[in-house]
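Protein chains: 4
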Amino acid sequence: MAKIRVIVNGAKGKMGIETVKAIMAEDDMELVASTDVGDDLSEKIINNKAEVVVDFTVPQAALGNAKKIISAEASAVIGTTGLSNENLKELGSLCAKHKVNCLVAPNFAVGAVLMMKFAAEAVKYLPHAEIIEFHHEKKLDKPSGTAIKTAHLMEKDVPIHSVRLPGLVAHQEVIFGGVGQTLTIRHDSINRESFMPGVILAIRKIKTLKGLVYGLEKIL
Amino acid sequence: MAKIRVIVNGAKGKMGIETVKAIMAEDDMELVASTDVGDDLSEKIINNKAEVVVDFTVPQAALGNAKKIISAEASAVIGTTGLSNENLKELGSLCAKHKVNCLVAPNFAVGAVLMMKFAAEAVKYLPHAEIIEFHHEKKLDKPSGTAIKTAHLMEKDVPIHSVRLPGLVAHQEVIFGGVGQTLTIRHDSINRESFMPGVILAIRKIKTLKGLVYGLEKIL
Amino acid sequence: MAKIRVIVNGAKGKMGIETVKAIMAEDDMELVASTDVGDDLSEKIINNKAEVVVDFTVPQAALGNAKKIISAEASAVIGTTGLSNENLKELGSLCAKHKVNCLVAPNFAVGAVLMMKFAAEAVKYLPHAEIIEFHHEKKLDKPSGTAIKTAHLMEKDVPIHSVRLPGLVAHQEVIFGGVGQTLTIRHDSINRESFMPGVILAIRKIKTLKGLVYGLEKIL
Amino acid sequence: MAKIRVIVNGAKGKMGIETVKAIMAEDDMELVASTDVGDDLSEKIINNKAEVVVDFTVPQAALGNAKKIISAEASAVIGTTGLSNENLKELGSLCAKHKVNCLVAPNFAVGAVLMMKFAAEAVKYLPHAEIIEFHHEKKLDKPSGTAIKTAHLMEKDVPIHSVRLPGLVAHQEVIFGGVGQTLTIRHDSINRESFMPGVILAIRKIKTLKGLVYGLEKIL
């Protein structure tokens, strides 16, 4: 079977470096180029006959990069945050025009995405819930983006507690309480590698999607 | 709207007592009779125009009770364990003949059932998993029935660890490990009341099922 | 060996009922009377040659009861809250005069007391800490008394998070963070019986104390 | 105040590299040399007027290194495992002769050492306990050395459960069960840096010890 031809854009960034390593460890995909700021992305896609481009760059470049990828008729896996609903709509139309797909995912950790998906489902049966998120003391913002997204998916006003301590990395617990019982869903992430299985899955599945898809949970 | 007419069979047992209390606390259902060993169940169903019968009795009586309920043209919610696959098949045919439904559920704790459902789903993306179940020191059998059922639903050979200590009631943790991350799903049960929301849900939904259904997870 | 002669005062209250049961299950102590509001406590102590009186009554009665017990020359185990520092001083003098002992303990759960003791010790080596306390949704006050006492013993301004959900009873976690590691001390209490081992220990050890002692941790 | 003059022996190993970094980040100590296999350790100690030598080498070199350090009249902090009780005795005599101290510690993670210390204390009041240790799937031996040491310090036959999954690093939970309650002490370690606060503490305190001391817990 032919290997999936992949480009990593933002290949020198922290996520890019991990993505390059992860792709090279897979048998069914081939890294045909790695690009960064200053490279002509469109040209690289066309010259290398890339089928999928993974983008881990910066918020302000996300939309421009996605447009270039789709216009060059490659499917896009966008891990960069910062796209508005309007941007997503625009990308959806562009996908239709060029007959490629685009997956935009703010979180590629399979475990975190499953946690959010299960939380959204559990809340229907056990409506009383609270979230505790635990991060290293250098994370100054609270609550975390994942906690906000989880509460949003649960479609409720869920209390969120933020613990900040050295020795922690990134952890979250969603606790549901019902009569005589509790259900707890917890995700612990200890490093950036935890995002790679999600990225690899996205590269593998993107051809089977239909146009623009938002959230890794849609392909699980 | 007319209330659902319910009979609790095994009303003097520990689960029966809780079920009677739980039904009486709901607005959309009415306890039309409560029965036990020695009562003529068929007669009670017919005389009281019962629509649903909840059975919490003993394994050896489960099949006989279920047949009486269905033959009297009431839908059956069977919480009693001990039914074989063959028994379930027989009940399925009987349901078709009498145009009623039957839900057989070995565990009515919504949280436990969600835990099992999520575990079965998570294992597809994070295939490395172990189960730890924690029970009071008087529970002599190990592993617990819920742990065995969870592993069975995960369709894998999952290592199970059994902790037995005073001060514990009934708890289970399913831990999934992936690169750089873990996902943990935990259920804590502190008393029999934890089963009631599941029983109430079953009473409410049984009319909408089709014939015989096995497992509370099917109606969540 | 002669059994310790014990009276339970407040024997009809929730804690009193458990204490009566617990004492009767021990071989080295004897329940010589159980008293309540309306009984002449001093007379009961003297007539029954009681050596130890356990008091679980109401805050406003705590000081009066303690004085009666000590003046009747029995040692006092006071589980009732509401004594001020001044009250404790007064009781200390009274103990000296009558040559008996008095243990005042706001929390008799051995596990909770150990948690507080360990937290106070751990904070010396791992100074970054946060407390999460989990209680049933009917507990309206937050943070819990145990959380406040724990933070006080740690002699720090420790952030406290309060989770309130059905299905919870009384639980607390103290998390310490250091470089690359965390230490967590957690206590889970599921019922009133959890206080009994502490009460029994107090009855057994009170003869060996010196005058007034505050806190179960002093006799562990 | 004069800085403590320190040598790291085994400075190119994983632990050695971290130790060198940790010492350089402290204001009250100075790294006067770093040595490895092939260096003349005795000469380096004497020439650099080292007061403390930290040894992280290999089991078969531990005794020889410790003897050289003590004979050169520096205090020794030995993190290398492999010393027998007889070896420790011999080092104790050598310390007395040369009027220096030696701390031998198989685990320098302050949190892990506190966990063991608290477990040894808690078991006196809550004698029913079990240990669960969680490690990455590449750790083939089970149970872990820390779990064995914890059980040994608890002076009991404690059941140990070993969980091995990707995404885990090194974690341990000691659960104590009593009537109606449980107490859990858990340590999570995510990297080698977690050992450094313990090493730094040892360097700082070793001058105040008396001869040979075994276990970081003795100086906490």
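Protein chains in written order, with the UniProt record's numbering: chain G, 1 to 220; chain L, 1 to 220; chain F, 1 to 220; chain D, 1 to 220. Yeah, the Cβ is synthetic: ideal placement off N, Cα and C, and Gly gets one too. Quantities reported herein were computed from a predicted structural model and do not represent experimental measurements.
Cutoff 8 Å: residue i Cβ touching any chain F Cβ
i, result
"residue 5/D", "no"
"residue 108/D", "no"
"residue 56/D", "no"
"residue 70/G", "no"
"residue 175/G", "yes"
"residue 122/D", "yes"
"residue 220/D", "yes"
Sequence-distant residues of its chain with Cβ nearer than 8 Å to residue i (five each side left out)
i, result
"residue 80/F", "10, 55, 56, 57, 58, 59, 61, 62, 65"
"residue 149/G", "106, 107, 116"
Sequence-distant residues of the same chain with beta carbon closer than 6 Å to residue i, five excluded per side
i, result
"residue 176/D", "122, 126, 129, 183"
"residue 194/L", "109"
"residue 34/F", "8, 11, 20"
"residue 201/G", "none"
"residue 158/D", "129, 131, 151"
"residue 72/L", "42, 45, 46"
"residue 209/G", "101"
"residue 222/G", "In the structure as shown, chain G starts at 1 and stops at 220, and residue 222/G therefore has no counterpart that could be examined."
"residue 178/D", "126"
Interface residues of chain G facing residue i [CB-CB closer than 9 Å]
i, result
"residue 188/L", "181, 182, 183, 184"
Below-8 Å beta-carbon distance, residue i vs any chain G residue
i, result
"residue 169/D", "yes"
"residue 130/F", "yes"
Amino acids of chain G, ordered along the chain, whose beta-carbon sits closer than 7 Å to that of residue i
i, result
"residue 115/L", "183"
Integer Cβ distance of residue i from residue j, believed to fall under 8 Å
i, j, result
"residue 143/L", "residue 133/L", "6 Å"
"residue 219/D", "residue 207/D", "Not really, about 11 Å apart at Cβ, beyond 8 Å."
"residue 101/G", "residue 75/G", "5 Å"
"residue 146/D", "residue 120/D", "The pair is not a contact, with the Cβ atoms about 13 Å apart (cut-off 8 Å)."
"residue 174/F", "residue 185/F", "5 Å"
"residue 180/L", "residue 190/G", "5 Å"
"residue 198/F", "residue 216/F", "5 Å"
"residue 31/L", "residue 70/L", "The Cβ separation is near 20 Å, so there is no contact."
is_contact[residue i, chain D] using C-beta, thresh 8 Å
i, result
"residue 126/F", "yes"
"residue 62/F", "no"
Under 7 Å by beta carbon: chain D residues contacting residue i
i, result
"residue 79/F", "What residue 79/F touches in chain D: nothing, since even the nearest Cβ is about 15 Å away."
Any C-beta of chain L under 8 Å from that of residue i
i, result
"residue 158/D", "no"
"residue 161/D", "yes"
"residue 166/D", "yes"
Close beta carbons around residue i, own chain, < 7 Å, minus the five adjacent residues each side
i, result
"residue 29/G", "3, 4, 6, 23, 203"
"residue 14/F", "192"
"residue 83/L", "62, 63, 104"
"residue 188/L", "171"
"residue 135/G", "144, 164, 168, 170"
Within chain F, the residues that residue i reaches when beta carbons sit closer than 8 Å
i, result
"residue 178/D", "110, 111, 194, 197"
Closer than 8 Å at the beta carbon, the chain G residues around residue i
i, result
"residue 191/L", "180"
Test: residue i CB closer than 8 Å to a CB of chain A
i, result
"residue 110/D", "Given the protein chain composition of this structure (G, L, F and D), no chain A is represented."
Contact residues within the segment 197-214 of chain F, judged by C-beta distance below 7 Å to chain D
197
What are the residues in the segment 134-150 of chain D lying within 9 Å of chain L by C-beta distance?
134, 136, 137
For the segment 4-24 of chain D, which residues have a CB atom closer than 8 Å to at least one CB atom of chain F, in sequence order?
none
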